[in-house]
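Notes for the one structure printed next.
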Amino acid sequence: MSEQAQTKDRAAQAGRYDPRAIEPKWQARWAADGLYRTPDDDPRPKWYALTMLPYTSGDLHIGHWWAMAPSDTQARFMRMRGHNVLFPMGFDAFGLPAENAAIKDGAHPAEWTSRNIERMRGQLKSMGAMFDWEREVITASPDYYRWSQWFFLKLLEHDLAYRQMAPVWWCPKDQTVLANEQVVGGECERCGTPVTKRDLEQWFFRITRYADELLDFSKMQWPEQIQLMQRNWIGRREGAELRFGLDVPGAKEKEVRVFTTRPDTVWGCSFFVLAPEHPLVDQITTAEERDAVRAYVDAARRQTEIERLSTEREKTGVFTGAYVTNLFNGEKVPVWTADYVLYSYGTGAVMGVGAHDERDFAFALKHGLPILPVIERPDGLTKSFAMHGTMQEGLGDALAAARIPFEERSGSLFITIPFDRIDRYVEISRSHLKPGCWNEVVGTRWIFIFDDGVQAWDSPEAERRILARCKALEPAVRERRTVMEMLYSLAFYRDALFHDAYGMMVHSGDLTDTPGDRAIAETIRYGEGKGYGKGTVNYRLRDWLISRQRMWGAPIPVVYCKTDGIVPVPEQDLPVLLPDDAEFRPTGESPLTYHQGFLNTTCPACGEPARRETDTMDTFMCSSWYQMRYIDPHNDERPFSRELARKWLPVDQYTGGAEHAVMHLLYTRFFTKAVRDMGLLEFDEPMMRLFNQGQILGTDGQRMSKSRGNVIAPDEQVEKWGADTFRAYLMFLGPWDEGGPYDPSGISGVARWLNRAWNIATADVATTDAPDAPETRSLRRWTHHTLQRVTHDIERFHFNTMVSALMEFTNELSRRREAGATVDRAAWREAVEMFVLMLAPPVPHIAEELWEHIGKPYSVHTQSWPSYDASLAAADEVEIAVQVNGRVRERLTLPVDAPEDAAKEQALASPSVRAHVEGKEIVRVIYVPNRLVNIVVKG
RNA sequence: GCCGAAGUGGCGGAAUGGCAGACGCGACGGUCUCAAAAACCGUUGGGCCGCAAGGCUCAUGUGGGUUCGACUCCCACCUUCGGCACCA
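Listed below in structure tokens is the structure:
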């Protein structure tokens, strides 16, 4: 016998807690008995608990346990609560890392992946979770991806899949497509070559068709923050699509459309911007501007969207040389191209309204484009600057007499004009203006006062006239390209020059004076009447691009034929199998494109030679429907049977990382709705309840990943402490929805706790029959109160306080056992029994062992969750605080729900309270039953 | 940058409008031991007053506000984390 085995043996004889002995024993027993099989024909109410399936990266890290141990705890709890619980597990097995490994080690991705699955499955089993392994799903296995392909065909059939050009990152040296992750600092991760983008014909799913339905969360209980993120991601915006006339010799189009949420500002449009990718850019650019535009478009294609959307960046752009006509006022405005406009949003074009859009304002100022205010400021802010030497003596007195406030600095007046005295101000200004000078009013009104009359800044011609006049009068403004630029040079004016609030329309032709609350609707009606555009809704959400130029994914099941075009692979020919002899090149180029056996096929329609689609599907496609496959994982006629779908779906409780808030969790909702519309499902949402746990991070506070080298493997921890201790420690660490860096140093406290728990349940305790003793009542209160806390904590995913409550209970039982106090036999037995039952969900192995030890029949996991007696759990006395002006001065013990009068009387009688109240006037006394009395005094 | 979160002792955290620091780690002191480990018991936010019992006071990222009362609600700011459509 080895030394270690002897130690273990002695421990067992002495009755010490030895997880290494009991955990494998019970895992083997549970597996042999099929304790966690989930029958389809169980009459109990079903509960489908699902936790996100892991990606087969190779090793489980503690993040997987962090995600799964609490899910398992709740699933076990629901089972004890009388449900037939389905809690399956599987592997998300397609993806880029498998190909990277193939390039590096030469192993086929399938080999690498199945090796990883072997290892991960073993690690998962060591957790002692109640996964039903009979239902395991692997997304990369042909009997799974066959159905992913089948769903693709169904989506195609229902017009939810289509092909369109879209850009991908491209490494010109490797001649290969790159993922975002493979582009580091604008360069190819592999070879360091600067990357660019290239347009490819790719497959999309029409998720946008469901945009409005995806905004409806009323059928589910999902966290508010996730709903909010999805709503913002979908980004529904009401507005208008407006036509602009295009008369450029080279261009096929005669018009170009913009989407705007502010059609009411259209009279203020003074320029027009196309996204650099917009196909019109090339058509309309004039010969003089061509070189500059091409260079700009090239540079834009090298940037990420995140860079482009930053509102802090300089607003770059170039003029195309072309003009479009604003149909509302007939003005010709210049067309620019700028990278702050995205081709993927709206129509890929914006009308530039500098006065009322922050980005347009910055762009127009920088590039010297005119700005014309057309919406009145609702805040009424109006300013004027009377420069030293431009006004006659007595201006200050006149303003004071008119009650118009101003500040004087170095002989100049800085005037803020009350809204109702603007006209009066203009009169005063005119009467004090020196010849050859001017003065202006900005903000709510825009007026230039010259010595021979007043000029309103109300139109593009007025802009030109005012600018010319000012330049003639003042050499210092000759460099200014626009009126706004001139005004902006004065810091005093800046807060009055721009606003994006809704307000009355001004300088807007027929619609001038339309009030702000009707402005958008009236403009749309007017525009629709004239044929200038129409009201519409736009979304930030884009259709889902599912094509990947990769080998390790589910092949997209279509064939390209010279005669028949795009031909779907017939259902009976599925799956389109991945070749097992693919050859990986160090460049990362997909082997499918040059694998002749895969590439060459015959057209299913005409039988002539044809080529297969070599792109594979986004792995999010595979994980969009896996919850449907778990319910019927071995069905080889359908993805799942209708009958089982009716029984099991939708998922009752989904748990997973918050990092999936907008992509996976939106895709699977879309998928469910699409499958519903194919007639295969009878509900609208895939997961009724969702809980997002936070992320457990490495000791450096960063996300755990192999590349960062901060991965902590669970195996070592399990080996040292046992699975139960490790599970409980992860749950004890902190709130599940928050996450944070993992620190292993506190685990000994949890190990000590389980040791104490073991000792309590296995100890001989001197008991007597004392059902009426006060100690008996208080012991039962502890038992039922703990049960109440634990029950609520599991229901609400508060696993850290669940463990705390169990620890407190353990401490209390230890004290009673050692203190030599009266211990009633029945109450002690109740306490221990319920304690072991409460241990069953979080720490299943030790609970099973102790259950056996106290003489109960196998298995603790098939027992009912005990119900607490609220009247036993309730205290009969409470300590309340007595405050004077919010500071605690005394504590009183009162019966529960003591009447207000009695509580106040006792509070005021206390000497320490009197000392703080003496000589002062009692203004108020607040009584919060069972909490506190607060005496408010004055003086 | 945009969207969503989070900031409380030396550390993880508890308290969701009512006694800030439950539970645990660590640290310090003790019991047991030849000794150490383990186990068990006790103390443990800062400052001030007091021999002591105890009392006073400051303190929940920063600054303001609402309230009898704010970790909790509101406004502004700072820092950190997650996501931003080809990592999954």
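Quick note: the first sequence, position 785, residue 785 per my numbering, numbers continuous.
Here a beta-carbon is modelled for each residue, glycine too, at the ideal position from N, C-alpha and C.
> DSSP state of ASN710, grouped into three classes?
Replying inline: Numbered from its first residue, the first sequence carries residue 710 at position 710. If DSSP states are grouped into helix, strand and coil, ASN710 belongs with coil.
> Which word fits LYS673, buried or exposed, when buried means at least 16 other C-beta atoms lie within 10 angstroms of its C-beta?
Replying inline: Translated into positions along the first sequence, residue 673 becomes position 673. For LYS673, the number of other beta carbons within 10 angstroms of its own is at least 16, and it is reported as buried.
> Can you tell which of ALA107, THR783, ARG829, ASN710 has its C-alpha closest to the C-alpha of ASP764?
Replying inline: Here residue 764 is taken as the residue at index 764 of the first sequence, counted from 1. Cα-wise, what sits closest to ASP764 is ARG829.
>> I'd like to check one pair, VAL441 with SER384: are the Cβ atoms closer than 9 Å?
In response: For the purposes of this step, residue 384 is taken as the residue at position 384 of the first sequence. For the purposes of this step, residue 441 is taken as the residue at position 441 of the first sequence. Yes, they are a contact pair.
> So, using beta-carbon positions, are ALA554 and SER114 closer together than 9 Å?
Replying inline: Taking the first residue of the first sequence as 1, we reach residue 554 at position 554. Taking the first residue of the first sequence as 1, we reach residue 114 at position 114. Not a contact, by the Cβ cut-off of 9 Å.
> Do you know how far the Cα of VAL273 is from the Cα of ALA398?
Replying inline: Translated into the one-based positions of the first sequence, residue 398 becomes position 398. Translated into the one-based positions of the first sequence, residue 273 becomes position 273. So the alpha carbons of these two residues sit roughly 47 Å apart.
>> For the alpha helix (DSSP H) containing THR286, name the first residue and the last one.
In response: Taking the first residue of the first sequence as 1, we reach residue 286 at position 286. Element bounds for THR286: n/a, residue is neither H nor E.
>> Quick check on ALA364: does DSSP put it in helix, strand or coil?
In response: As a first step, residue 364 is located in the first sequence; it is residue number 364 there, counting from the start. Residue state, collapsed to three classes: helix.
> Are LEU697 and PRO633 close, meaning C-beta to C-beta below 9 Å?
Replying inline: Position 697 of the first sequence, counted from the first residue, corresponds to residue 697. Position 633 of the first sequence, counted from the first residue, corresponds to residue 633. Cβ distance not < 9 Å, so LEU697 and PRO633 don't count as in contact.
> Assuming TYR526 and ASP513 make a contact with CB atoms under 8 Å, what is their CB distance in whole Å?
Replying inline: Sequence index remark: in the first sequence, residue 526 carries index 526 (1-based). Sequence index remark: in the first sequence, residue 513 carries index 513 (1-based). About 13 Å separates the beta carbon of TYR526 from that of ASP513, a gap too long to meet the 8 Å contact definition.
>> Alpha carbons only, please: which of ASP500, VAL913, PRO223, ALA110 is nearest the one belonging to THR444?
In response: Position 444 of the first sequence, counting from 1, holds the residue named residue 444. It is ASP500.
>> So for ALA322, helix, strand or coil by DSSP?
In response: As a position in the first sequence, residue 322 is number 322, starting the count at 1. In this structure, ALA322 counts as strand in the three-state DSSP scheme.
> Since GLN653 sits in a beta bridge, which residues does DSSP pair it with?
Replying inline: For this step, residue 653 is matched to residue 653 along the first sequence. Paired residues: ALA49, ARG689.
>> What does the alpha-carbon distance come out to for the pair ASP132 and ASP41?
In response: For the purposes of this step, residue 132 is taken as residue 132 along the first sequence, with counting starting at 1. For the purposes of this step, residue 41 is taken as residue 41 along the first sequence, with counting starting at 1. Cα-Cα distance, rounded: 15 Å.
> What residue does the alpha helix (DSSP H) around TRP30 start on, and which one ends it?
Replying inline: The sequence position of residue 30 within the first sequence is 30, counting from 1. Its alpha helix (DSSP H) spans residues 19 to 33.
>> Quick check on GLU189: does DSSP put it in helix, strand or coil?
In response: Within the first sequence, residue 189 is the residue found at index 189, counting from 1. In this structure, GLU189 counts as coil in the three-state DSSP scheme.
> Do you know how far the Cα of ILE422 is from the Cα of HIS388?
Replying inline: The residue you call residue 388 lines up with position 388 of the first sequence. The residue you call residue 422 lines up with position 422 of the first sequence. Answer to the nearest angstrom: the Cα atoms are 21 Å apart.
> Is the stretch 72 to 89 in contact with the stretch 48 to 60, if contact means three or more CB pairs nearer than 8 Å?
Replying inline: yes
>> Considering Cα atoms alone, identify which of VAL537, GLY739, ILE566, SER431 is closest to GLY346.
In response: Start at 1 with the first residue of the first sequence, and residue 346 comes out as number 346. When only C-alpha atoms are compared, the closest one is VAL537.
> According to DSSP, which residues form a beta bridge with TYR162?
Replying inline: Residue numbering aside, residue 162 sits at position 162 when the first sequence is read from its first letter. Partner(s): PHE204.
> Looking at the structure shown, is VAL928 part of a helix, part of a strand, or coil, going by DSSP?
Replying inline: For the purposes of this step, residue 928 is identified with residue 928 of the first sequence, where counting begins at 1. The answer is strand: DSSP assigns VAL928 an E or B state.
>> Between which residues of its own chain and THR316 is the CB-CB distance below 6 Å, once the five residues before and five after are set aside?
In response: In the first sequence, the residue the question calls residue 316 occupies position 316. Taken in chain order, the list of residues that qualify is empty.
> Can you give the beta carbon distance from GLU848 to TRP26, rounded, assuming they're within the 8 Å contact cut?
Replying inline: Position 848 of the first sequence, counted from the start, is the residue given in the question as residue 848. Position 26 of the first sequence, counted from the start, is the residue given in the question as residue 26. At roughly 5 Å, the Cβ-Cβ gap stays under 8 Å, so GLU848 and TRP26 are in contact.
>> With distance defined between alpha-carbon atoms, name the residue in ASP495, GLU408, LYS534, LEU395 nearest to ARG424.
In response: Residue numbering aside, residue 424 sits at position 424 when the first sequence is read from its first letter. Here the closest residue by C-alpha is LEU395.
> Are GLN283 and ALA251 close, meaning C-beta to C-beta below 9 Å?
Replying inline: On the first sequence, residue 283 is found 283 positions in, with the first residue counted as 1. On the first sequence, residue 251 is found 251 positions in, with the first residue counted as 1. In contact: GLN283 and ALA251 (Cβ atoms closer than 9 Å).
>> Taking the straight line between their C-alpha atoms, what separation do you get for ARG76 and ALA275?
In response: By one-based count along the first sequence, residue 76 stands at place 76. By one-based count along the first sequence, residue 275 stands at place 275. Spanning the two alpha carbons is a distance of roughly 54 Å.
>> I need the DSSP call for ARG10, collapsed to helix, strand or coil.
In response: Indexing the first sequence from 1 puts residue 10 at position 10. The pLDDT assigned to ARG10 is 39, lower than 50, so where the model puts this residue is not dependable; a value taken from the coordinates is nonetheless given after this. Note: ARG10 maps to helix in three-state DSSP.
> Taking the alpha-carbon positions, what's the THR325 to LYS254 distance?
Replying inline: On the first sequence, residue 325 is found 325 positions in, with the first residue counted as 1. On the first sequence, residue 254 is found 254 positions in, with the first residue counted as 1. Rounded to the nearest angstrom, the two C-alpha atoms are 11 Å apart.
> How about GLY186 and VAL195: are their beta carbons less than 9 Å apart?
Replying inline: As a working note, residue 186 is residue 186 in the first sequence. As a working note, residue 195 is residue 195 in the first sequence. Yes, these two residues count as a Cβ contact at 9 Å.
> Whose C-beta lies closer than 8 Å to the C-beta of VAL923 among residues of the same chain, with five residues either side of it excluded?
Replying inline: On the first sequence, position 923 is the one that residue 923 refers to. VAL936, VAL937, LYS938.
> With C-beta atoms as the reference, is PRO1007 less than 9 Å away from LEU754?
Replying inline: Because the chain spans 1 through 939 in this model, residue 1007 falls outside it and cannot be assessed.
> In this structure, what does DSSP give as the bridge partners for GLU921?
Replying inline: Numbered from its first residue, the first sequence carries residue 921 at position 921. Per DSSP, LYS938.
> Taking the alpha carbon of LYS173 as the point to measure from, which residue in ILE371, PHE151, ALA476, THR587 has its own alpha carbon closest?
Replying inline: As a position in the first sequence, residue 173 is number 173, starting the count at 1. Checking every option, the nearest Cα to that of LYS173 belongs to THR587.
> Any idea what DSSP makes of ARG16, helix, strand or coil?
Replying inline: Position 16 of the first sequence, counted from the first residue, corresponds to residue 16. Coil, per DSSP.
> Looking only at DSSP bridge pairs, what is SER384 linked to?
Replying inline: The sequence position of residue 384 within the first sequence is 384, counting from 1. DSSP output for SER384 lists ILE415, VAL441 as bridge partner(s).
>> In this structure, how does DSSP classify SER489 when only helix, strand and coil are distinguished?
In response: Translated into the one-based positions of the first sequence, residue 489 becomes position 489. Three-state result, SER489: coil.
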